[in-house]
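Those letters in the sequence shown? Residues 3 to 228, per my numbering, in order.
All residues carry an ideal CB built from backbone N, CA and C; glycine is no exception.
Working notes, beginning with the structure itself.
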Amino acid sequence: MICQLIGVKKTYPMGDLTVVALSGIDVGVDAGEFTVFAGPSGSGKTTALNLIGCLDRPSSGQVLLDGRDVATLGDDALGQVRAKRIGFIFQSFNLIPVLTAAENVELALRLAGLDAGRKEKVEQALVDVGLKDFMGRRPNQLSGGQQQRVAIARALVKKPAIIIADEPTANLDSHNGEAILDLMRLMNERDRVTFLFSTHDPMVMARARRVVRLKDGAIVGDERMA
Ligand code: ADP
Ligand code: MG
Numbered sequence: 003m004i005c006q007l008i009g010v011k012k013t014y015p016m017g018d019l020t021v022v023a024l025s026g027i028d029v030g031v032d033a034g035e036f037t038v039f040a041g042p043s044g045s046g047k048t049t050a051l052n053l054i055g056c057l058d059r060p061s062s063g064q065v066l067l068d069g070r071d072v073a074t075l076g077d078d079a080l081g082q083v084r085a086k087r088i089g090f091i092f093q094s095f096n097l098i099p100v101l102t103a104a105e106n107v108e109l110a111l112r113l114a115g116l117d118a119g120r121k122e123k124v125e126q127a128l129v130d131v132g133l134k135d136f137m138g139r140r141p142n143q144l145s146g147g148q149q150q151r152v153a154i155a156r157a158l159v160k161k162p163a164i165i166i167a168d169e170p171t172a173n174l175d176s177h178n179g180e181a182i183l184d185l186m187r188l189m190n191e192r193d194r195v196t197f198l199f200s201t202h203d204p205m206v207m208a209r210a211r212r213v214v215r216l217k218d219g220a221i222v223g224d225e226r227m228a
């Protein structure tokens with residue numbers, strides 16, 4: 003199993019109150035999965051993805067990556083895991099505006115300390131997402147759909163164990179959203195890239211191979227498609 007949450011609870015202090023974002027959930031993701039966390043706004047999807055992505059630590063319970071409890075890792079080791087083993091795709095693309103598409107992708111390799119064959123890897127990743135002719139453009143010279151393709155290339159280029167995508171189609175129209183989902187699915191089937199993503203959109207849920215349903219910080223369903 004690539005990653006596993008065991009009895010994971012996450013609470014946030016809010017003045018005198020405590021918000022329970024996750025109420026103690028158990029879920030794991032195996033290599034090769036194409037899994038979505040589905041649920042309405044506020045159900046805990048982002049919190050769960052951030053914990054699996056080591057962007058945050060649980061209030062209680064365990065987060066295992068490659069079978070190791072991430073709580074046993076110091077900040078430096080955790081940073082290395084994040085840079086090398088996990089690719090992130092965000093709802094708002096999160097590209098660096100002053101860098102070209104190629105430079106945005108290359109930065110992910112630099113941050114992970116993956117220096118060998120950097121130029122070739124960047125090119126291949128951008129070709130893979132259909133942006134061969136757009137490598138020198140900056141984000142504001144690209145459409146939303148193209149920006150999200152750059153973000154996918156940036157996640158793919160490290161050949162991470164898992165790519166985590168938080169509502170990757172939420173800022174795209176339905177045509178571009180479907181194209182992005184198709185691209186992710188192609189990478190999953192062709193290159194066995196593991197994807198874990200989130201959505202509240204039924205079109206996106208319908209394209210997943212496993213749907214984990216969240217409601218009020220709890221898992222209320224876990225279904226695998228044929
Ligand atoms: P989703 O991604 O499904 O919309 P979230 O994981 O963002 O859900 O949020 C789950 C719950 O935790 C919500 O009630 C939200 O308001 C709360 N929450 C999330 N992040 C924070 C935070 N940093 N501080 C306080 N409450 C938060
Ligand atoms: Mg969210």
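Notebook entry, point to check: When the Cα of Pro42 is compared with those of Asp77, Glu169, Gly17, Val195, which residue comes out closest?
Noted result: The residue you call residue 42 lines up with position 40 of the sequence shown. Nearest C-alpha to Pro42 among Asp77, Glu169, Gly17, Val195: Glu169.
Check: Hey, would you say the C-beta of Arg21 is under 7 Å away from at least one heavy atom of ligand 1?
Finding: Reading the sequence shown from its first residue, position 19 is the one you call residue 21. At residue 21 the sequence reads Val, which differs from the Arg that was named. Taking non-hydrogen atoms of ligand 1 into account, the C-beta of Val21 is found less than 7 Å away from one of them.
Margin query: Quick check on Lys239: does DSSP put it in helix, strand or coil?
Written below: With the chain covering 3 to 228 only, the question about residue 239 has no answer from this structure.
Next item on the list: Give every residue of the same chain whose Cβ lies closer than 6 Å to the Cβ of Ser45, excluding the five residues on either side of it in the sequence, and list them in chain order.
Entry: Position 43 of the sequence shown, counted from the start, is the residue given in the question as residue 45. Answer for Ser45: Leu216, Lys217, listed in chain order.
Check: Between Asp58 and the rest of its own chain, which residues show a CB-CB distance below 6 Å, the 5 nearest in sequence each way excluded?
Finding: Residue 58 sits at position 56 when you count from the first residue of the sequence shown. Leaving aside the five residues that flank Asp58 on each side, the residues in its chain whose CB is nearer than 6 Å to its CB run, in chain order, Asn52.
Item checked: Reduced DSSP category for Ala114 - H, G, I as helix; E, B as strand; rest coil -> For the purposes of this step, residue 114 is taken as the residue at position 112 of the sequence shown. In the structure shown, Ala114 sits in coil (DSSP, three-state: anything other than H, G, I, E or B).
Margin query: Let me make sure I understand the geometry here. Which of Ala114, Ala157, Asp68, Asn106 has the alpha-carbon closest to that of Gly30?
Written below: As a position in the sequence shown, residue 30 is number 28, starting the count at 1. Of Ala114, Ala157, Asp68, Asn106, the residue nearest in Cα terms is Asp68.
Checklist line | Limits of the unbroken alpha helix (DSSP H) element including Lys161 | finding: Taking the sequence shown and counting its residues from 1, the one referred to as residue 161 is at position 159. Where Lys161 is concerned, there is no enclosing alpha helix (DSSP H), given that its DSSP letter is neither H nor E.
Note to self: Please state whether the Cβ-Cβ distance between Lys160 and Leu111 is less than 8 Å.
What the structure shows: Sequence index remark: in the sequence shown, residue 160 carries index 158 (1-based). Sequence index remark: in the sequence shown, residue 111 carries index 109 (1-based). Yes, these two residues count as a Cβ contact at 8 Å.
Check: According to the Cβ coordinates, are Leu7 and Ala50 closer than 8 Å?
Finding: For the purposes of this step, residue 7 is identified with residue 5 of the sequence shown, where counting begins at 1. For the purposes of this step, residue 50 is identified with residue 48 of the sequence shown, where counting begins at 1. Yes, these two residues count as a Cβ contact at 8 Å.
Checklist line | Span of the alpha helix (DSSP H), counted from its first residue to its last, around Ser43 | finding: By 1-based counting over the sequence shown, the position of residue 43 is 41. Careful: Ser43 lies outside any alpha helix (DSSP H) and carries neither H nor E.
Margin query: Tell me whether the stretch 142-156 and the stretch 102-109 touch, counting them as touching only if at least three CB pairs, one residue from each stretch, are closer than 8 Å.
Written below: Judged by Cβ distances under 8 Å, the stretch 142-156 makes contact with the stretch 102-109, as three or more pairs qualify.
Note to self: How far does the alpha helix (DSSP H) with Asp218 in it extend, from its first residue to its last?
What the structure shows: Position 216 of the sequence shown, counted from the first residue, corresponds to residue 218. No residue range can be given for Asp218, since it is assigned to no alpha helix (DSSP H) and is classified by DSSP as neither H nor E.
Notebook entry, point to check: Going by beta carbon distance, what residues of the same chain come within less than 6 Å of Ala163, once the five residues before and after it are set aside?
Noted result: On the sequence shown, residue 163 is found 161 positions in, with the first residue counted as 1. So the qualifying residues of the chain are Ile4, Arg87.
Next item on the list: Within 10 angstroms of the Cβ of Lys134, are there 16 or more other Cβ atoms? Answer buried if so, exposed if not.
Entry: Taking the first residue of the sequence shown as position 1, residue 134 is located at position 132. The residue in question, Lys134, is exposed, as its Cβ has fewer than 16 Cβ neighbours within 10 Å.
Notebook entry, point to check: Mind pulling the beta strand (DSSP E) runs of 3 or more residues that sit fully within the stretch 5-92?
Noted result: Segments of the beta strand (DSSP E) lying fully in the stretch 5-92: 5-16, 19-31, 36-40, 62-67, 88-91.
Next item on the list: Identify every residue that forms a DSSP beta bridge with Ile166.
Entry: Within the sequence shown, residue 166 is the residue found at index 164, counting from 1. Answer by DSSP bridge pairing, in chain order: Phe90, Leu198.
Next item on the list: Return yes when the Cβ of Ala127 is within less than 8 Å of the Cβ of Leu158, no when it is not.
Entry: Against the sequence shown, residue 158 aligns to sequence position 156. Against the sequence shown, residue 127 aligns to sequence position 125. Yes. Within cutoff.
Notebook entry, point to check: Exposed or buried, Thr196, counting other C-beta atoms within 10 Å across all chains shown (16 or more means buried)?
Noted result: By 1-based counting over the sequence shown, the position of residue 196 is 194. Counting of Cβ neighbours within 10 angstroms places Thr196 among the buried residues, the total reaching 16 or more.
Margin query: Any heavy atom of ligand 1 inside 7 Å of the beta-carbon of Lys47?
Written below: Counting from 1 along the sequence shown, the entry for residue 47 is found at position 45. For Lys47, the CB falls within less than 7 Å of some heavy atom of ligand 1.
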